[in-house]
Structures are given as C-alpha cells and as structure tokens.
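> Residue numbers (the working numbering): 9 to 382. Quick one: structure below, then a few questions.
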C-alpha cells in the first residue's frame, strides 16, 4: 500500500521489512543509511551535509564562514551551505527540506532481528550495533527535520529509531517498550535516545522492567494525535502528519538547521560532550555487543525463538540467604584507592571513543563518500 503523497520538497525515508515486523536487520539498516545519505549529501561537493557535532566549538567556524570575506577559507568550504541561504539552495538543489521516516504494517519496528542476531559471529554482532549507531547519528545530525509517524508498536531499537527523529507522531494508544531485559539483552543502546525524550526515571523503569507504555501517557515526549469522536484514527494521523510537514516547510531551511544544532548544543551546556547523544550511542553500541556475548543473552534469544521460558545460566537454584552473623565488610575509599586506575579508565574510554568515531563515516562532514564496515 503506497504512502500518502507528500507536499513538494518533502520526501519519505522508508523502513521496508513488514513481513518481519520491520526488524532492523543489517540489510535494512544499510538501506536506511543509504536513503539518508542520498537525501542529505550535498550536490556539488559530494560532502555528507550533516550538522556539526552538538558542541559549542563549531560556532567559531560558523561565525567565520558567515563573514564571507575569504571564500577560500576552510570554514567557508566546510559550512558555506549552512550559513548562506544562496549556497544552501545551490548545494541542496533538488534535495528535500523535510524527511518523513515511516514503515508499513501493524508494527512500526520490533528492533533487531533476533534470529539473525543468534546466528551472527562476534564481529558481525559488533558490525550490527555499529551500523545501528551510524543510522541513529545520521538522523540526529540531519540538517532537515525528520518527521516520524509511528503507526504501531515500536520496541527496542525500533523505539530508538523513532525517538531519534525530530518529530515523532503517534496515536494515543500506540505502545512503546524496551523489552530486552526479558531475554537477557538489556536495551542499553535504545535507552540513549529514549532518555533524551522521556523522563530519566520512566526510561529506566522501561529498561529494567521491560513493561510497555502508551503514547498518551507521555504527550511531552511524543506528539500525540488528537482524535475527535467519530473520527477515523488513521485519517487523524495522516492529517496531523501533513499539517506538521507543511508547517516545517514554511520555515527557512538553513535557519531551521542552525536552530536545531544550537538547541541541542545549548541543551548540553555544562556537560563534557555537549548533549552527548552521539558519544552515548557509540559507547552503548559497544555495551550492546558486550551484552550479546553473554551466556544469558544467548539463552534468552534462544528461548524467545523457541517460544519457551528462559532458564538463566546465572541464576542459582537455591534461595538467597543473608548471613546476619557475618563480619562487616570493610569500606574502601574508592576515590583515593583507585584514582590512578580511574584516570586510566577515562583515558582508555576516550581512546576507545576516538577509535569508534574514526570508523563512523558521517562524522567527516567533508567526506565525499561513506564507507560501511562489513
């Protein structure tokens, strides 16, 4: 079934895997990344056309580029399209000013394909989560707004995908969930996006209990469609999507882009990594690969596929006991005792993040092409 026609200068990004509940397999993620790259890559230079990282530093580059005194400068060559309306028009000629990410079927996206995951090598698992993080970061740093009509259940990485967009829209009874804890594979990576839209406490409850919620419970996090008595919910949804798209199209595209960058940058003031989503997503992708290697995760996925209760390897058969006569545990001042090791951990973490970032194609805004690891 074709999607409704969009207004001029808007285009769809299609998640097409309805027979598998729109699961985010490696081929599906690669297809999403390809569609996004095509919609965002600058025409003349072939650069990725992404917003700067959400950090205060790039403002100096944008200010220098906007002075237009030296059009041979590195700042102008990098950001001309973002600070000049005429350059935006030239560099993004024929490209959409609003994107609409959507899927078809009763489920928006169920997250990763667990059957595929259960058959992957360790390196393929890492590739899967790396690729997923790349897709989320490309959406996050898109200079044009991305609207996301969520027509059905969104869980795990599918929930993350929807919440990484700029304008998620859902009917009141649409359900969301972070169900990974039930199979020993906590939704660590999806929670990075959820925690930036939902209250931290609510996000952690979803992460820890795997209980679903309804869109109507959190209208501050999702644009919940108002359905009048007797009105068809699907019609109400489509009308709201068109209204939002048309309103966004009425704005200045480059000013919207700079406004988006500035909003998320100032949102992160006082934090080391700005709003931190990009770094959190990369870091959490590594944690997801760590989760996936555990015996309990393998048992949980197998139990899910075999439609049985998981028997956790880590669980003892006896009831837990507390020895009330045991001597008190000596408390160690970890701040003093482990200061040196903590500094080493921080350095190692930063080095690890640097390595991951170097493998992420969209971080190079001047790159003419993108390369995915396989």
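Note that the Cβ used here is the ideal one computed from N, Cα and C, for glycine as well.
Do residue 103 and residue 150 come within 8 Å of each other at the CB atom, strictly closer than that value?
The sequence position of residue 150 within the chain shown is 142, counting from 1. The sequence position of residue 103 within the chain shown is 95, counting from 1. No, they are not a contact pair.
> Classify residue 317: buried if its beta carbon has 16 or more other beta carbons within 10 angstroms, exposed otherwise.
On the chain shown, position 309 is the one that residue 317 refers to. Residue 317 should be labelled exposed.
> Go ahead and label residue 309 buried or exposed: buried means 16 or more other beta carbons lie within 10 angstroms of its beta carbon, across all protein chains shown.
Counting from one through the chain shown, the residue named residue 309 turns up at place 301. Buried.
> Pull up the distance between the alpha-carbon of residue 383 and that of residue 200, whole angstroms please.
Residue numbering for the chain in the displayed model covers 9 to 382; residue 383 lies beyond these limits and cannot be assessed.
> Once DSSP output is grouped into helix, strand and coil, what is the label at residue 231?
Locating residue 231 in the chain shown gives position 223, where the first residue counts as 1. The answer is strand: DSSP assigns residue 231 an E or B state.
> If you reduce the DSSP assignment to three classes, tell me which class residue 247 lands in.
By one-based count along the chain shown, residue 247 stands at place 239. Three-state result, residue 247: helix.
> Using only alpha-carbon positions, find the residue among 37, 177, 78, 36 that is nearest to residue 241.
Numbered from 1 along the chain shown, position 233 holds the residue referred to as residue 241. Here the closest residue by C-alpha is 177.
> Quick check: residue 218 and residue 185, are their CB atoms within less than 8 Å of each other?
Counted from its first residue, the chain shown places residue 218 at position 210. Counted from its first residue, the chain shown places residue 185 at position 177. Contact: yes.
> Would you check if the stretch 218-233 and the stretch 243-262 touch, i.e. whether three or more CB-CB distances between them fall below 8 Å?
These segments touch.
> What is the rounded straight-line gap between the Cα of residue 117 and the Cα of residue 27?
Within the chain shown, the letter at position 109 stands for residue 117. Within the chain shown, the letter at position 19 stands for residue 27. Cα to Cα, residue 117 sits roughly 11 Å from residue 27.
> Would you kindly report the start and end of the unbroken alpha helix (DSSP H) that includes residue 273?
Taking the first residue of the chain shown as 1, we reach residue 273 at position 265. Unbroken alpha helix (DSSP H) run through residue 273: 261-275.
> Could you say if the stretch 208-227 and the stretch 250-261 meet the contact criterion of at least three C-beta pairs nearer than 8 Å?
Segments in contact, no.
> Using three-state DSSP, classify residue 326 as helix, strand or coil.
The sequence position of residue 326 within the chain shown is 318, counting from 1. For residue 326, the predicted model reports a pLDDT of 48, less than 50, meaning its position is unreliable; a value from the coordinates is still stated below. The answer is coil: DSSP assigns residue 326 none of H, G, I, E or B.
> When you compare each of 195, 198, 154, 161 to residue 182 by their alpha carbons, which one comes out closest?
Sequence index remark: in the chain shown, residue 182 carries index 174 (1-based). Ranking 195, 198, 154, 161 by Cα distance to residue 182 puts 161 first.
> Which ranges would you report for the alpha helix (DSSP H) in the stretch 154-192 if only whole runs of at least 4 residues count?
Taking only runs of at least 4 residues, the alpha helix (DSSP H) segments lying wholly in the stretch 154-192 are 164-172.
> Hey, how far is the Cα of residue 98 from the Cα of residue 313?
In the chain shown, residue 98 corresponds to position 90, counting from 1. In the chain shown, residue 313 corresponds to position 305, counting from 1. Those two C-alpha atoms are separated by around 51 Å.
> Exposed or buried, what is residue 277 when buried is set at 16 or more other beta-carbons lying within 10 Å of its beta-carbon?
The sequence position of residue 277 within the chain shown is 269, counting from 1. So residue 277 ends up on the exposed side.
> Would DSSP call residue 22 helix, strand or coil?
Taking the first residue of the chain shown as 1, we reach residue 22 at position 14. Residue 22: strand per DSSP, three-state reduction.
> Within the same chain, show all residues whose beta-carbon is closer than 7 Å to that of residue 158, passing over the 5 residues directly before and after it, in chain order.
As a first step, residue 158 is located in the chain shown; it is residue number 150 there, counting from the start. Result list for residue 158: 116, 170, 176, 177, 178, 182, in chain order.
> Under 8 Å, with one C-beta from each stretch per pair, do the stretch 39-58 and the stretch 132-152 reach the 3-pair mark?
Yes: at least three Cβ pairs fall under 8 Å.
> By DSSP's criteria, residue 202 is part of a beta bridge. Which residues make up the other side?
Here residue 202 is taken as the residue at index 194 of the chain shown, counted from 1. Answer is none; residue 202 lacks a bridge partner.
> So, is residue 188 buried or exposed, given that buried needs 16 or more other C-beta atoms within 10 angstroms?
Working through the chain shown from its first residue, we reach residue 188 at position 180. The residue in question, residue 188, is buried, as its Cβ has 16 or more Cβ neighbours within 10 Å.
> Give a yes or no on whether the C-beta atoms belonging to residue 60 and residue 269 are separated by under 8 Å.
As a working note, residue 60 is residue 52 in the chain shown. As a working note, residue 269 is residue 261 in the chain shown. Contact flag set, yes.
> Using beta-carbon positions only, say whether residue 110 and residue 20 come within less than 8 Å of one another.
Within the chain shown, residue 110 is the residue found at index 102, counting from 1. Within the chain shown, residue 20 is the residue found at index 12, counting from 1. Yes, Cβ-Cβ distance for residue 110 and residue 20 is below 8 Å.
> Would residue 153 be called buried (16 or more neighbouring beta carbons within 10 Å of its own) or exposed?
Here residue 153 refers to the residue found at position 145 when the chain shown is read from its first residue. Counting Cβ neighbours within 10 Å, residue 153 comes out buried, since at least 16 surround it.
> Starting from residue 108, follow its DSSP beta bridges and name the residues at the other end.
Numbered from 1 along the chain shown, position 100 holds the residue referred to as residue 108. For residue 108, which the question treats as bridged, DSSP gives the partners 20, 155.
> Can you tell me whether residue 80 is buried or exposed, with buried defined as 16 or more other CB within 10 angstroms of its CB?
Locating residue 80 in the chain shown gives position 72, where the first residue counts as 1. Residue 80 should be labelled exposed.
> Quick one: what does DSSP say residue 42 is sitting in, helix, strand or coil?
Locating residue 42 in the chain shown gives position 34, counting from the first residue. Helix at residue 42.
> Excluding the 5 residues preceding and the 5 following residue 17 in the sequence, name in chain order all residues of the same chain whose CB lies nearer than 8 Å to its CB.
The residue given as residue 17 occupies position 9 in the chain shown. So the qualifying residues of the chain are 104, 105, 106, 257.
> Which residues mark the beginning and the end of the beta strand (DSSP E) in which residue 118 is found?
Working through the chain shown from its first residue, we reach residue 118 at position 110. Element bounds for residue 118: n/a, residue is neither H nor E.
> In terms of DSSP beta bridges, what is residue 221 paired with?
Translated into the one-based positions of the chain shown, residue 221 becomes position 213. Answer is 184, bridged to residue 221.
> Evaluate residue 266 with the Cβ neighbour count: other Cβ atoms within 10 Å of its Cβ, from every protein chain shown; 16 or more gives buried, anything less gives exposed.
Numbered from its first residue, the chain shown carries residue 266 at position 258. Residue 266 comes out buried.
> Check this for me: beta carbons of residue 87 and residue 112, under 8 Å apart or not?
By 1-based counting over the chain shown, the position of residue 87 is 79. By 1-based counting over the chain shown, the position of residue 112 is 104. For residue 87 and residue 112, no; Cβs fall outside 8 Å.
> In whole angstroms, what separates the C-alpha of residue 32 from that of residue 192?
Here the question's residue 32 lines up with position 24 in the chain shown. Here the question's residue 192 lines up with position 184 in the chain shown. So the alpha carbons of these two residues sit roughly 19 Å apart.
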